[in-house]
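In what follows, a single structure is set out as structure tokens and then discussed.
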Amino acid sequence: MFYYTGQNLENPYEKGGPADNNEWVEIWNDVFMQYDKKADGTFVPLKQQNVDTGLGLERVSAILQGVKTIFETDLFVPLMEKIAALSGKELRNFSEEMTLSARIIADHLRASTFVLADPRSVRPSNTDQGYVLRRLIRRAIRHGIKLGIEGFFTVELADVIIAQYKDVYPELDRTLDFIRSQLQKEEAQFHSTLAQGEREFKKMLDQLQQEGSQKLTGEMTFHLYDTYGFPLEMTRDLAREHGLEVDSEGYETAFKIHQETSRAGAAGRFHGGLADNHEETVKLHTATHLLQQALREVLGDHVYQQGSNITQERLRFDFTHPEKLTPEQVKAVEDKVNEAIAADVPVYYEMMSVEDAKKAKAIGLFPDRYDEKIKVYTMDRFSKEICGGPHVQHTGVLGHFTIKKEESCGAGLRRIKAVVSGGETGIEFAGEK
0 MFYYTGQNLE
10 NPYEKGGPAD
20 NNEWVEIWND
30 VFMQYDKKAD
40 GTFVPLKQQN
50 VDTGLGLERV
60 SAILQGVKTI
70 FETDLFVPLM
80 EKIAALSGKE
90 LRNFSEEMTL
100 SARIIADHLR
110 ASTFVLADPR
120 SVRPSNTDQG
130 YVLRRLIRRA
140 IRHGIKLGIE
150 GFFTVELADV
160 IIAQYKDVYP
170 ELDRTLDFIR
180 SQLQKEEAQF
190 HSTLAQGERE
200 FKKMLDQLQQ
210 EGSQKLTGEM
220 TFHLYDTYGF
230 PLEMTRDLAR
240 EHGLEVDSEG
250 YETAFKIHQE
260 TSRAGAAGRF
270 HGGLADNHEE
280 TVKLHTATHL
290 LQQALREVLG
300 DHVYQQGSNI
310 TQERLRFDFT
320 HPEKLTPEQV
330 KAVEDKVNEA
340 IAADVPVYYE
350 MMSVEDAKKA
360 KAIGLFPDRY
370 DEKIKVYTMD
380 RFSKEICGGP
390 HVQHTGVLGH
400 FTIKKEESCG
410 AGLRRIKAVV
420 SGGETGIEFA
430 GEK
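Heads up: the sequence shown begins at 0 in numbering that gives the first Met the number 0, then just goes up one per residue.
Shown next as structure tokens:
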């Protein structure tokens, strides 16, 4: 479905239809699902025929507000004006290229801000979803540099985004500190790697001159991207300045190999529950649930599990938090876990739909399919978490909980090692409610 935004209402097709005239804007997509295409290329009518539709909400808002693009709507204007102010220029005086850069910054940082506020707590990294987030943030930074913005700016723009959306998306306000710290760290790291990458590029340049070559190989180009965050277009710009060609095809090959390796690693991970059901391991597993809830209560709702390793001797728990815990915070977390143990509350699980689990405010990773039933373990008011189990039947058997070590294990990540002692033996496992 297309909407005409031009002035010639008597003859809107004078300059052509949607394919030829950009005054026509597609606001609604309709897909008529009628046939099943077989392997031999033949089409068989579907028994159940459907129409799938998708409405471009922001495009509709642009039309209703009488502007040509979504970046001129009231959702984006404060952000676009802030970008212009940071560049030291007026938005109305931006060239076409500058306008494109400003829109990329606005789009990418808005997306990044929402990703960082998500309960799954994705952080910039070189793998999986974190890799996508890193690319979004760094591309925004590069275009900020192109606009002449000096110094760090992503946090200032995130503040504008959060102020604009927090009433509808309160999780933005709840995770404000986490969002700001992650953007600040990524921006600092990117500026550092840019300088390192430029030095690496000069080494490559010297190597090519010695070899008498005028072409950066795909491996060289991908190395700059994977190690120093240099996107292909940035490397092309540097190469062009020195009269070099870039092996784009070789780069794409190296990039695809990286993607396949990353996907294979993600697919092979173990999810949910314990591999070792020894009673000491199970006790520490239950303590891990109490620990996560205690951390969220002491530090904030931005805390989410990012890794766990449990043996019969100790638990190791990785979680999202931007800074070292103070001794007072460590003590407060310990006290909350031991309060739950002293309360000796029953532990049980329920099989729930995803929707019911969300309504119950269970924490954990929700499956992609909404028709799945998931196991949710509850420990009174002390914990409600998606988990495969097993767990102890009541918290009192854990004994006493002690944090042995708290340390960094990556950007925006902390690690706790803890033990339980003096608990009961011969325990029973929790069952279904």
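Where a beta carbon is used, it is the ideal one built from N, C-alpha and C, also for glycine.
Alpha-carbon spacing of residue i relative to residue j, whole angstroms
i: E312; j: K403; result: 12 Å
i: Y12; j: D19; result: 10 Å
i: E185; j: I362; result: 27 Å
i: E431; j: Q47; result: 39 Å
i: E423; j: V396; result: 5 Å
i: H241; j: D106; result: 32 Å
i: P123; j: G299; result: 20 Å
i: Q183; j: K165; result: 20 Å
i: P44; j: M0; result: 25 Å
i: A162; j: T126; result: 30 Å
i: A116; j: T68; result: 26 Å
i: V59; j: N28; result: 13 Å
i: D355; j: P345; result: 21 Å
i: T41; j: G306; result: 48 Å
i: K372; j: D35; result: 30 Å
i: S247; j: Q195; result: 22 Å
i: A210; j: P17; result: It should be noted that the sequence gives Glu, not Ala, for residue 210. Rounded to whole angstroms, E210 to P17 spans 52 Å at the Cα level.
i: Y369; j: K357; result: Confidence at Y369 is low in this model, with a pLDDT of 49, below 50, so its placement is unreliable and no value can be given for it.
i: G421; j: G398; result: 5 Å
i: E9; j: T72; result: 27 Å
i: D334; j: F400; result: 9 Å
i: E244; j: V131; result: 27 Å
i: R295; j: E149; result: 36 Å
i: M203; j: T252; result: 20 Å
i: Y2; j: G15; result: 13 Å
i: N92; j: T98; result: 9 Å
i: L324; j: F428; result: 33 Å
i: E197; j: D205; result: 13 Å
Closer than 7 Å: residue i CB and nearest the ligand COA heavy atom
i: L290; result: With respect to the ligand COA, the structure offers nothing, as it holds no ligand at all.
Sequence-distant residues of the same chain with beta carbon closer than 8 Å to residue i, five excluded per side
i: P230; result: R134, R137, R138, R141 and Y224
i: S435; result: Because the chain here runs from 0 to 432, residue 435 falls outside it and cannot be looked at.
Given residue i as reference, the closest of the options once Cα atoms are compared
i: L433; options: V76, L412, T112 and M219; result: Here the chain has residues from 0 to 432 only, and residue 433 is not among them.
i: G249; options: L215, N125 and A84; result: L215
i: M219; options: L412, E57 and F254; result: F254
i: Q392; options: E371, K372, G421 and Y348; result: Y348
i: V343; options: L298, H320, A286 and V332; result: The identity of residue 343 in the sequence shown is Asp, whereas the question assumes Val. Cα-wise, what sits closest to D343 is A286.
i: G411; options: T153, L99, E95 and Q188; result: Q188
i: I26; options: Q183, N7, K36 and A61; result: A61
i: T310; options: A101, V418 and P169; result: V418
i: S94; options: L108, L146, D39 and Q64; result: L146
i: H284; options: C386, K335 and M350; result: C386
i: N308; options: V281, K323 and L294; result: V281
i: E155; options: K202, G388, F177 and L85; result: L85
i: L63; options: T4, K37, L90 and D39; result: T4
i: D176; options: P321, G388 and I160; result: P321
i: H277; options: P389, A83, G87 and I256; result: P389
i: V336; options: M378, A429 and V302; result: M378
i: P169; options: A83, S100 and H301; result: H301
Environment of residue i [buried if 16+ CB atoms lie within 10 Å]
i: Q181; result: buried
i: T174; result: buried
i: L54; result: exposed
i: Q6; result: exposed
i: Q208; result: exposed
i: G143; result: buried
i: G267; result: With a pLDDT of 43 at G267, under the threshold of 50, the predicted position of this residue should be treated as unreliable, and no value is reported.
i: Q213; result: exposed
i: L350; result: The sequence shown places Met at residue 350, rather than the Leu named in the question. Counting Cβ neighbours within 10 Å, M350 comes out exposed, since fewer than 16 surround it.
i: L56; result: exposed
i: A265; result: Caution is warranted here: a pLDDT of 47 is assigned to A265, below 50, making its placement in the model unreliable, and the coordinate value is therefore given only provisionally. Label assigned to A265: exposed.
i: S352; result: exposed
i: K374; result: buried
i: H222; result: buried
i: V167; result: exposed
i: A341; result: exposed
i: I256; result: exposed
i: K81; result: buried
i: A434; result: Outside the displayed range of the chain (0 to 432) lies residue 434, so it cannot be described from this structure.
i: E384; result: buried
Residues near residue i by beta carbon distance below 6 Å, same chain, minus five either side
i: Q328; result: V297
i: R414; result: D317, E406 and C408
i: K416; result: R313, R315, K403 and K404
i: I160; result: R109 and T112
Minimum Cβ-Cβ distance from residue i to chain B less than 8 Å
i: G421; result: The structure shown contains no chain B; it holds only a single protein chain.
Nonlocal neighbours in the same chain, by C-beta distance under 7 Å from residue i, ignoring five residues either side
i: T192; result: Y227 and G228
i: D51; result: V30 and M32
i: F70; result: M79, R102 and A105
i: Q77; result: Reading the sequence as shown, one finds Pro at residue 77 and not Gln. Excluding sequence neighbours, P77 sits near V159 and Q163.
i: S100; result: H142, K145 and L146
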